[in-house]
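Engineer:
Protein chains: 2
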Amino acid sequence: METTADTKCTLMAVTARIFAAMGWRGTTTRRVAEAAGVNEVTVFRHFGSKEVLLKEAIAWSSAQDQFPRLPAVPGDLRAELVSWARAMHAIVVRKRAMIRTCLAEFEEHPELAHVACDGPMAAMQDAVRYLTAARAAGRLTAPGAIEAPVVMLMDTLFMEGVIGDVMPECSPIAGDQAIELFVDVVLRAMGATEER
Amino acid sequence: METTADTKCTLMAVTARIFAAMGWRGTTTRRVAEAAGVNEVTVFRHFGSKEVLLKEAIAWSSAQDQFPRLPAVPGDLRAELVSWARAMHAIVVRKRAMIRTCLAEFEEHPELAHVACDGPMAAMQDAVRYLTAARAAGRLTAPGAIEAPVVMLMDTLFMEGVIGDVMPECSPIAGDQAIELFVDVVLRAMGATEER
DNA sequence: ACGGCTAGCAAGCACCCACTTGCACACATT
DNA sequence: AATGTGTGCAAGTGGGTGCTTGCTAGCCGT
Numbered sequence: 001m002e003t004t005a006d007t008k009c010t011l012m013a014v015t016a017r018i019f020a021a022m023g024w025r026g027t028t029t030r031r032v033a034e035a036a037g038v039n040e041v042t043v044f045r046h047f048g049s050k051e052v053l054l055k056e057a058i059a060w061s062s063a064q065d066q067f068p069r070l071p072a073v074p075g076d077l078r079a080e081l082v083s084w085a086r087a088m089h090a091i092v093v094r095k096r097a098m099i100r101t102c103l104a105e106f107e108e109h110p111e112l113a114h115v116a117c118d119g120p121m122a123a124m125q126d127a128v129r130y131l132t133a134a135r136a137a138g139r140l141t142a143p144g145a146i147e148a149p150v151v152m153l154m155d156t157l158f159m160e161g162v163i164g165d166v167m168p169e170c171s172p173i174a175g176d177q178a179i180e181l182f183v184d185v186v187l188r189a190m191g192a193t194e195e196r
Numbered sequence: 197m198e199t200t201a202d203t204k205c206t207l208m209a210v211t212a213r214i215f216a217a218m219g220w221r222g223t224t225t226r227r228v229a230e231a232a233g234v235n236e237v238t239v240f241r242h243f244g245s246k247e248v249l250l251k252e253a254i255a256w257s258s259a260q261d262q263f264p265r266l267p268a269v270p271g272d273l274r275a276e277l278v279s280w281a282r283a284m285h286a287i288v289v290r291k292r293a294m295i296r297t298c299l300a301e302f303e304e305h306p307e308l309a310h311v312a313c314d315g316p317m318a319a320m321q322d323a324v325r326y327l328t329a330a331r332a333a334g335r336l337t338a339p340g341a342i343e344a345p346v347v348m349l350m351d352t353l354f355m356e357g358v359i360g361d362v363m364p365e366c367s368p369i370a371g372d373q374a375i376e377l378f379v380d381v382v383l384r385a386m387g388a389t390e391e392r
């Protein structure tokens, strides 16, 4: 017989996918079982209840993706930030349905907040650390909080990734070069000494 | 007997509120009827089906809020943009639950997209128009697309407004001055000639 | 060969869902 | 007085939902 890890893993993957598309209420144990090709009873034998199944599935899904890291010592600011932002944006795009659904479910299941928030938060602090180092090295001349432009970049990457498919006409900027433009805005706002 | 307009209006308001909090599946005709203090049958007599009820309620709700406009001729750039951004942010905050829910429901009900997208889009084009005029007047010196910083500002106002309550620790910037900081980032990136 | 583990299947329980039907009551207009 | 309109109430239909129970069958290590 197949190992139990396989079944449990399949169930979590299927559950995460259905949850992303249909939300908490739409993720019925019958649908999960059918999509996973197992009996509905098996779902309850593994997880005990729908609530446990969903929470484990969401946590498992958010543990899958790993966020990009910026170099310890800033090199080519623009190139490194663009690459970082591209990776960030790619993650958001890949998980847009999950992000949208989690945002909506926070209202009824606020305990989901921290699982989905830890990764992006760490990434943002990484960017703050990176840019602080760059400014300490005299390569960013603008004064003021370094958090503001970082928050703006993160929010933009999230928003554009999340709404990209559902209302593509909402962004007047063509997709591929948009991220470079956003990074340029940030760098110019922070007084980058190297002009592109 | 009370006029029919009253009942229908109450039903739409109640439905919009419940939908924002519980989503499409969570908005049951029983719950709506109970919250509105009417019989469930009355709901069907007014709207015919749950689908019609929800679509009319959402459209009615999104027709309620009116978005800010920037002056036809740019005056004090920073003051006008801050005031505009504050008003924008206030709308998003007031309707955060509805926005989150709509974002999630787009997956299953894509026809909701344009009702919730028209307002913000018009506001963004207004901002582009305003800043283009300011640049034509020689008050913004940076070259490049004017859309990028506007998109970033819009995305930031949306994101911060939408996630503000659910993960307040996510924004490292204190609430009230954050918007001014964001506007300053935009202005500096665009090469505003007036320093604050 | 045997016990434990994992799974399938069939059936059922109590509840919620959207939606319908039939009847009665109060009011407003005519 | 008659009519129409908006509403309430009681009941019911067919289906979905979370979850349980009892029973069977295959695979595993011992």
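Protein chains in written order, with this note's numbering: chain A, 1 to 196; chain W, 197 to 392. Here a beta-carbon is modelled for each residue, glycine too, at the ideal position from N, C-alpha and C.
Should the region 135-143 of chain A be called in touch with the region 177-195 of chain A, which here means at least 3 C-beta pairs below 8 Å?
Structural biologist: A contact exists between the region 135-143 of chain A and the region 177-195 of chain A.
Engineer: With a 10 Å radius around its C-beta and 16 neighbouring C-beta atoms as the bar for buried, classify Glu-147 (chain A) as buried or exposed.
Structural biologist: It counts as buried.
Engineer: Quick one: which chain A residues come within Cβ less than 7 Å of Arg-290 (chain W)?
Structural biologist: Those within 7 Å of Arg-290 (chain W) in chain A number zero; the least Cβ separation is about 15 Å.
Engineer: Within its chain, find whatever has a CB closer than 8 Å to the CB of Arg-226 (chain W); leave out the 5 residues flanking it on each side and keep chain order.
Structural biologist: Closer than 8 Å at Cβ, skipping near neighbours: Glu-236.
Engineer: With DSSP as the reference, identify every bridge partner of Ala-319 (chain W), one or two as the case may be.
Structural biologist: According to DSSP, which records beta bridges pairwise, Ala-319 (chain W) is partnered with nothing at all.
Engineer: Could you tell me which uninterrupted alpha helix (DSSP H) segments, each at least 4 residues in length, are contained entirely in the region 65-122 of chain A, listed from first to last along the chain?
Structural biologist: Runs found: 77-94 and 96-105.
Engineer: On the criterion of 16 or more Cβ atoms from any shown chain inside 10 Å, does His-310 (chain W) qualify as buried, or is it exposed?
Structural biologist: Exposed is the call here.
Engineer: If Gly-357 (chain W) sits next to Val-288 (chain W), beta carbons under 8 Å apart, how far is it from one beta carbon to the other, in whole angstroms?
Structural biologist: Contact flag correct, Cβ pair sits at about 3 Å.
Engineer: Considering Gly-161 (chain A), what are the terminal residues of the alpha helix (DSSP H) in which it resides?
Structural biologist: Residues 147-163.
Engineer: Determine, using beta carbons only, whether Phe-19 (chain A) and Val-362 (chain W) come nearer to each other than 7 Å.
Structural biologist: Against a cut-off of 7 Å, the Cβ pair of Val-362 (chain W) and Phe-19 (chain A) comes out as no contact.
Engineer: So which residues of chain W does Ser-171 (chain A) contact, with C-beta pairs closer than 8 Å?
Structural biologist: Ordered by position in chain W, the residues that pass the 8 Å Cβ test against Ser-171 (chain A) are Val-347.
Engineer: Note down the Cα distance separating Ala-231 (chain W) from Arg-292 (chain W), rounded to an integer number of angstroms.
Structural biologist: Answer to the nearest angstrom: the Cα atoms are 21 Å apart.
Engineer: Determine, for Asp-65 (chain A), whether the minimum Cβ-Cβ distance to residues of chain W falls below 7 Å.
Structural biologist: Not one chain W Cβ lies under 7 Å of Asp-65 (chain A).
Engineer: Whose C-alpha, out of A:Met-152, A:Gly-164, A:Ala-5 and A:Arg-129, is nearest the C-alpha of Ala-72 (chain A)?
Structural biologist: The shortest C-alpha separation from Ala-72 (chain A) is found at A:Arg-129.
Engineer: So is Gly-197 (chain A) buried or exposed if we call it buried at 16+ other beta carbons inside 10 Å?
Structural biologist: In the structure displayed, chain A extends from 1 to 196; residue 197 (chain A) sits before or after that span and is not available.
Engineer: Which partner residues does Ala-57 (chain A) have in the DSSP bridge list?
Structural biologist: Answer by DSSP bridge pairing: none, since Ala-57 (chain A) is not bridged.
Engineer: At a CB distance below 9 Å, what residues from the region 134-158 of chain A approach chain W? Give them in sequence order.
Structural biologist: The region 134-158 of chain A vs chain W, Cβ under 9 Å: Ala-142, Gly-144, Ala-145, Glu-147, Ala-148, Pro-149, Val-150, Val-151, Met-152, Leu-153, Met-154, Asp-155, Thr-156, Leu-157 and Phe-158.
Engineer: Rounded to the nearest angstrom, how far is the Cβ of Met-98 (chain A) from that of Asp-351 (chain W), given a contact under 8 Å?
Structural biologist: In fact, because the Cβ distance is near 19 Å, the residues do not count as touching under 8 Å.
Engineer: Do you know offhand how far Arg-282 (chain W)'s Cα is from Gly-119 (chain A)'s?
Structural biologist: For Arg-282 (chain W) and Gly-119 (chain A), the distance between alpha carbons rounds to 29 Å.
Engineer: Under 6 Å Cβ to Cβ from Ser-62 (chain A), same chain only, skipping five residues before and after it: list those, please.
Structural biologist: So the qualifying residues of the chain are Val-115 and Ala-116.
Engineer: Along the region 370-392 of chain W, where does the CB come closer than 9 Å to a CB of chain A? Name the residues.
Structural biologist: Residues Ala-374, Leu-377, Phe-378, Asp-380, Val-381, Val-382, Leu-383, Arg-384, Ala-385, Met-386 and Gly-387.
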